[in-house]
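A.B. asks: To start, I am sharing the structure in question, which I have written as structure tokens.
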Ligand SMILES: Nc1ncnc2c1ncn2[C@@H]1O[C@H](COP(=O)(O)OP(=O)(O)OP(=O)(O)O)[C@@H](O)[C@H]1O
Ligand SMILES: [Mg+2]
């Protein structure tokens, strides 16, 4: 096992720069998830760490060793690919033992390690099949097995679950997490699915257009998003964002929207009077009140059983609320809603940055 | 609709089929059966088996197919590994490389013939200038003649097979190679464990197909040596012409082709079976 450090790493394809200097320090044993919208450079970064893509600038270290010029096979990493990349002409057993065989490990050692990995992943019955005789989930497990027999310093995953159906995805998510808790191998996991990121990661790296927007634990990102991008990206349904002007009057503080609604703030909120801001609150931090709340008109109601999603119009913007208590909402009804003031996020409208309290 | 009468749709269907049936009868069934009738005279076969030229031709054909087809496909396999790289200059080079296959045979093979002329050909002039010795009689000896026939054949058809195998290589998912990289495979090991298993079926099919097609290669032999000297470099493809037009024995000429059928038909059937079965590792 080893730490991984990415220092000021850049990637250029000809004149086009797609990664603009990224710093991430990953301590030994951590499970880090790189998340971001399509095309933000997650795969590229992962592939640079894997040695499949040349590093245009900066340094990648695995353990203490700078690996910029080290070929993939000598980096002591294992990678799970999106399409699994199982060798079609080899059996599951041969697939899993292939890297050890290339490293000239003894036959008994290979057999024993493959056996153990197969046990961990419940693949024992499938060892003599060919990849095309397996289901998607089984292939995925073989790909995992191939990675763990090597007992590498670092696991790299590039969207390994994106080809599975929703149910299997949730199941494999848990299995991978459990596997990590058992093996404690440093892991870097790429996904564009923020739920996957939230549920699996020790720490999340949110990427966007080739830069890092924020690094933190799932709850840090959820509770204190560093900017509008992270706020909007993390959380489902997405955070509600309303533009307005910050107003202060004595000890009182609020955000005035264009439509003339005053959004309430705690007295100690950051920012200056007259500053253009974005007012954010998560759907789950909204409470219906009897009166004196923000007047909103319900447009759509979606009960899911556990929760009820309510989409409503507030000050010209569409907002979403999630309520867990059983209460009947009806489209067209007007509702008084109140955000929990200590969970309101305030961002500078110009820079998008969080205004720290 | 009255029973016994065709629906309008079926009538039109038949009308549209007529041209194809006529073409098939006229261009396939008629010539083939006419050929079989011409080749049905047992005397022709006695004549063939007692003609030393025919026996030599069989040997020539087997040697030509065995050497030319295998070398050609092996080279094509290697070259496709070069052209699979994505560089602009390689792309341009591949266009140049296709040329021998794309341009007509007659002028190119004739120019080979002139280049190889023992007295005034370009090759021997060059050898003479460099070494002051006379070069070999390239086309005036059975084995060097056949050798040159193989060279010309390979030169002409290598691009085609390279292209086919290149397509096969391009169909191999890239991440298999990346996975092999991470697993620690060298270039040779990647070929052995990833490329070759994926191409094996295609390679075998190509070998069969190329054997069938090369058996009919008339140009490389006729235009280069004309089957000579003294009929020593004939193959089955050119021998028919010798009997039919050189010696006015049309029936014997057709029989030379019929002789190849017992070998050809199983090859064809094997090939069609493989193609139907598809890729099955
Ligand atoms: N070979 C290449 N040449 C030029 N640009 C490339 C190349 N490969 C990737 N890019 C660009 O680099 C950027 C990052 O690509 P990358 O594959 O890392 O995205 P990603 O974050 O993994 O997206 P996704 O979630 O869709 O997989 C994209 O804008 C892409 O167009
Ligand atoms: Mg990607």
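Chains as they are written, first to last, in the working numbering: chain A, 13 to 369; chain B, 48 to 328.
Beta carbons: idealized from backbone N, C-alpha and C, even for Gly.
Every value quoted in this text rests on a predicted model; they were computed, and no experiment measured them.
#1: Using a C-beta cutoff of 8 Å, does residue 326 of chain A count as contacting chain B?
#2: Considering only the alpha carbon of each residue, which of B:116, B:164 and B:127 lies closest to residue 182 of chain B?
#3: Residues of chain B with a CB under 7 Å from the CB of residue 99 of chain A: which are they?
#4: Applying the 10 Å Cβ sphere with the 16-neighbour rule, what's the burial state of residue 173 of chain B?
#5: Buried or exposed: which applies to residue 213 of chain B, given that a residue is buried once 16 or more other Cβ atoms fall within 10 Å of its Cβ?
#6: Near residue 42 of chain A, what residues of its chain come up, given a Cβ to Cβ distance below 7 Å and the 5 sequence neighbours on each side ignored?
#7: If you scan the segment 232–292 of chain B from start to end, which runs of the alpha helix (DSSP H) of 4 or more residues do you find wholly inside it?
#8: Can a CB atom of chain B be found closer than 8 Å to the CB of residue 110 of chain A?
#9: Could you tell me which of B:79, B:59 and B:67 sits nearest to residue 308 of chain B, measuring between CA atoms?
#10: Any heavy atom of ligand 1 closer than 7 Å to the Cβ of residue 30 of chain A?
#11: In three-state DSSP terms, what is residue 118 of chain B?
#12: Assess contact between the segment 146–156 of chain B and the segment 213–226 of chain B, defined as three or more Cβ pairs (one per stretch) separated by less than 8 Å. Is contact present?
#13: Could you give the DSSP three-state label for residue 294 of chain B: helix, strand or coil?
#14: Rounded to whole angstroms, what's the CA-CA distance from residue 148 of chain A to residue 127 of chain A? Just pull it up for me.
#15: With 8 Å as the limit, tell me which residues of the segment 242–261 of chain B have their beta carbon closer than that to any beta carbon of chain A; keep them in chain order.
#16: Taking Cβ-Cβ distances shorter than 8 Å, what residues in chain B pair up with residue 91 of chain A?
#17: Per DSSP, what kind of secondary structure is residue 129 of chain B in: helix, strand or coil?
#18: According to DSSP, is residue 337 of chain A helix, strand or coil?
#19: Name the chain A residues whose beta carbon is nearer than 7 Å to that of residue 232 of chain B?
#20: Taking 7 Å as the cut-off, is the CB of residue 85 of chain A close to at least one heavy atom of ligand 1?
#21: With a 10 Å radius around its C-beta and 16 neighbouring C-beta atoms as the bar for buried, classify residue 58 of chain B as buried or exposed.
#22: Taking residue 123 of chain B as the reference, give the member of B:98, B:301 and B:254 with the closest Cα.
#23: Ligand 2 heavy atoms versus the CB of residue 45 of chain A: any closer than 7 Å?
#24: Taking Cβ-Cβ distances shorter than 9 Å, what residues in chain B pair up with residue 95 of chain A?
#25: Can you name the residues of chain A whose CB is closer than 8 Å to the CB of residue 55 of chain B?
#26: Whole-angstrom Cβ separation of residue 125 of chain B and residue 299 of chain B, contact assumed at under 8 Å?
#27: If I measure Cβ to Cβ from residue 341 of chain A and keep anything under 7 Å in the same chain, skipping five residues before and after, which residues do I get?
#28: With a cut-off of 8 Å on the beta carbons, I'd call residue 14 of chain A and residue 75 of chain A a contact; round off their distance for me.
#29: Using the Cα positions of residue 108 of chain B and residue 203 of chain B, report the straight-line distance between them to the nearest angstrom.
#30: If we count the other Cβ atoms within 10 Å of its Cβ and call it buried at 16 or more, is residue 83 of chain A buried or exposed?
#31: Look up residue 54 of chain A in the DSSP assignment and say whether it is helix, strand or coil.
#32: In chain B, which residues lie with their C-beta within 7 Å of the C-beta of residue 62 of chain A?
#33: Going along chain E in order, which residues have a C-beta closer than 7 Å to the C-beta of residue 84 of chain A?
#34: Any chance the segment 253–260 of chain A sits against the segment 279–290 of chain A, with 3 or more Cβ pairs inside 8 Å?
#35: So, is residue 56 of chain B buried or exposed, given that buried needs 16 or more other C-beta atoms within 10 angstroms?
#36: Give me every residue whose Cβ sits closer than 5 Å to any heavy atom of ligand 1, in chain order.
C.D. replies: Looking at the atomic coordinates:
#1: Sequence index remark: in the first chain, residue 326 of chain A carries index 314 (1-based). It does not; no Cβ of chain B falls within 8 Å.
#2: Stepping through the second chain from its first residue, residue 182 of chain B is reached at position 135. Residue B:164 is the option with its Cα nearest to residue 182 of chain B.
#3: What you label residue 99 of chain A is simply residue 87 of the first chain in a count that begins at 1. Within 7 Å Cβ-Cβ: 223, 240 and 241.
#4: Here residue 173 of chain B is taken as the residue at index 126 of the second chain, counted from 1. Result: exposed.
#5: As a first step, residue 213 of chain B is located in the second chain; it is residue number 166 there, counting from the start. Flag for residue 213 of chain B reads buried.
#6: For this step, residue 42 of chain A is matched to residue 30 along the first chain. Contacts found: 198, 214 and 215.
#7: 234–237, 243–262, 266–269 and 283–288
#8: Your numbering for residue 110 of chain A matches position 98 in the first chain. Judged by the 8 Å Cβ criterion, residue 110 of chain A is in contact with chain B.
#9: Taking the second chain and counting its residues from 1, one reaches residue 308 of chain B at position 261. Selected option, being the one with the closest Cα: B:79.
#10: On the first chain, position 18 is the one that residue 30 of chain A refers to. The answer is yes for residue 30 of chain A.
#11: Position 71 of the second chain, counted from the first residue, corresponds to residue 118 of chain B. The answer is helix: DSSP assigns residue 118 of chain B an H, G or I state.
#12: no
#13: The residue labelled residue 294 of chain B in the question sits at position 247 within the second chain. Reduced to three states, the DSSP call for residue 294 of chain B is coil.
#14: Locating residue 148 of chain A in the first chain gives position 136, counting from the first residue. Locating residue 127 of chain A in the first chain gives position 115, counting from the first residue. As the crow flies, the alpha-carbon of residue 148 of chain A is around 21 Å from that of residue 127 of chain A.
#15: Flagged, chain order: 244 and 245.
#16: Indexing the first chain from 1 puts residue 91 of chain A at position 79. Chain B residues near residue 91 of chain A: 225, 226 and 229.
#17: In the second chain, counting from the first residue as 1, residue 129 of chain B sits at position 82. Looking at residue 129 of chain B - three-state DSSP - the assignment turns out to be helix.
#18: By 1-based counting over the first chain, the position of residue 337 of chain A is 325. Three-state result, residue 337 of chain A: coil.
#19: For the purposes of this step, residue 232 of chain B is taken as the residue at position 185 of the second chain. Within chain A, the residues near residue 232 of chain B are 114.
#20: Within the first chain, the letter at position 73 stands for residue 85 of chain A. No - ligand 1 has no heavy atom lying nearer than 7 Å to the Cβ of residue 85 of chain A.
#21: In the second chain, counting from the first residue as 1, residue 58 of chain B sits at position 11. Exposed.
#22: Taking the first residue of the second chain as position 1, residue 123 of chain B is located at position 76. The residue among B:98, B:301 and B:254 with its C-alpha nearest the C-alpha of residue 123 of chain B is B:254.
#23: Working through the first chain from its first residue, we reach residue 45 of chain A at position 33. Flag unset: Cβ of residue 45 of chain A not near ligand 2.
#24: For this step, residue 95 of chain A is matched to residue 83 along the first chain. Per Cβ cutoff of 9 Å: 220 and 222.
#25: Taking the second chain and counting its residues from 1, one reaches residue 55 of chain B at position 8. When 8 Å is used as the limit between beta carbons, residue 55 of chain B is near no residue of chain A, the shortest such separation being about 47 Å.
#26: Within the second chain, the letter at position 78 stands for residue 125 of chain B. Within the second chain, the letter at position 252 stands for residue 299 of chain B. That pair is no contact at about 42 Å.
#27: Position 329 of the first chain holds residue 341 of chain A. Take residue 341 of chain A, set aside five residues on each side of it, and the residues of its chain with a beta-carbon closer than 7 Å to its own are 310, 313, 320 and 322, in chain order.
#28: What you label residue 14 of chain A is simply residue 2 of the first chain in a count that begins at 1. What you label residue 75 of chain A is simply residue 63 of the first chain in a count that begins at 1. 4 Å between Cβ atoms; contact.
#29: Position 61 of the second chain, counted from the first residue, corresponds to residue 108 of chain B. Position 156 of the second chain, counted from the first residue, corresponds to residue 203 of chain B. Taking the straight line joining both Cα atoms gives about 18 Å.
#30: The sequence position of residue 83 of chain A within the first chain is 71, counting from 1. Residue 83 of chain A should be labelled exposed.
#31: Along the first chain, one-based indexing puts residue 54 of chain A at 42. The answer is helix: DSSP assigns residue 54 of chain A an H, G or I state.
#32: Stepping through the first chain from its first residue, residue 62 of chain A is reached at position 50. Near residue 62 of chain A (Cβ distances below 7 Å), the residues of chain B are 229.
#33: Of the chains in the structure shown, none is chain E; the protein chains are A and B.
#34: yes
#35: Numbered from 1 along the second chain, position 9 holds the residue referred to as residue 56 of chain B. So residue 56 of chain B ends up on the exposed side.
#36: Listed along the chain, these residues meet the criterion: A:25, A:30, A:50, A:51, A:52, A:53, A:54, A:55, A:56 and A:204.
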